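Taking it in order: structure first as structure tokens, then the write-up.
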Amino acid sequence: MSGLLYLIPIALLLGALGLAAFLWAMRSGQFEDLDGAAHRVLFEDDTPDDRNHDNH
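Under our numbering, residues 2 to 57 are what the sequence shown spells out, in order.
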């Protein structure tokens with residue numbers, strides 16, 4: 002029973018920290034473009050990669 006005196010405040014503190022992190026992410030625009038990275042993988046870059054060519 003005395004363990005609950007420690008566990009309940011710790012759980013409330015962790016919940017408040019999670020909520021604060023979620024609200025910060027919403028306000029800073031972390032969830033604005035959820036599909037962008039998924040679509041970006043499908044398209045090839047326009048710039049050629051010079052590291053793969055041998056310069057003999």
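Glycine included, each C-beta is placed from N, C-alpha and C at the ideal position.
Keep in mind the model is a prediction, meaning the values are calculated, not measured.
How many Å lie between residue i and residue j at the Cα?
{"i": "L13", "j": "G37", "result": "35 Å"}
{"i": "L5", "j": "D46", "result": "56 Å"}
{"i": "M2", "j": "A22", "result": "31 Å"}
{"i": "G30", "j": "L24", "result": "10 Å"}
{"i": "L35", "j": "V42", "result": "13 Å"}
{"i": "G19", "j": "I11", "result": "12 Å"}
{"i": "R28", "j": "Y7", "result": "32 Å"}
Assuming residue i contacts residue j (C-beta within less than 8 Å), just tell me the rounded distance between them.
{"i": "A26", "j": "F32", "result": "7 Å"}
For the alpha helix (DSSP H) that contains residue i, what are its first and last residues?
{"i": "F23", "result": "L5 to R28"}
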